[in-house]
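Sequential numbering of the sequence shown, starting at 18, is according to this note's numbering. C-beta atoms are modelled at their ideal positions from N, C-alpha and C, and glycine is treated no differently. One structure below.
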Amino acid sequence: MIDDFYWAGFNKNNSAHQAIKDFLILDVQIDPIRSDDMISTIKKIQNGSLPNWNGGGNAYFCDIDLNGAQLEVLLDDFDDDDIPLIPLTELIDALSAWSAYCRKYMASSPK
């Protein structure tokens, strides 16, 4: 199911894009509200009403400021040496697509 998740502009050969995908799957999980909350937080950073945000999840520590988002791997099984700073617009695009994907998944799941 989740292996088929991609967003417009996703490049499987881009280490940042793969890290974003892993972050969404492992840390944001199937939670469209969490995705929407992160988008709202990023927009507050972009408009200057919040200087930064950071938090850890199951696999990544995420640090976001006006310069972009940095994902740091918390698991020994993952290599984070090649994860560049992620532009906020790219993270918003991925989070928006993930939110829609989660809603579609939840609507199709048996109750």
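Counterpart residues of residue i in DSSP-defined beta bridges
i, result
"F78", "G73 and E89"
Minimum C-alpha distance to residue i - residue among the options
i, options, result
"I109", "M55, N69 and F78", "M55"
"Y118", "K38, L83 and Q87", "K38"
"I42", "I19, S32 and E89", "I19"
"I59", "K121, A111 and R120", "A111"
Test item: CB-CB of residue i and residue j under 8 Å
i, j, result
"L102", "G73", "no"
"I126", "P49", "Per the sequence shown, residue 126 should be read as Ser rather than Ile. Not closer than 8 Å, so no."
"L105", "G85", "yes"
Cα-Cα separation between residue i and residue j, rounded to whole angstroms
i, j, result
"N64", "C79", "19 Å"
"L88", "A124", "30 Å"
"G26", "V45", "20 Å"
Supposed contact pair residue j and residue i - C-beta distance, whole angstroms, cut 8 Å
i, j, result
"I62", "N69", "6 Å"
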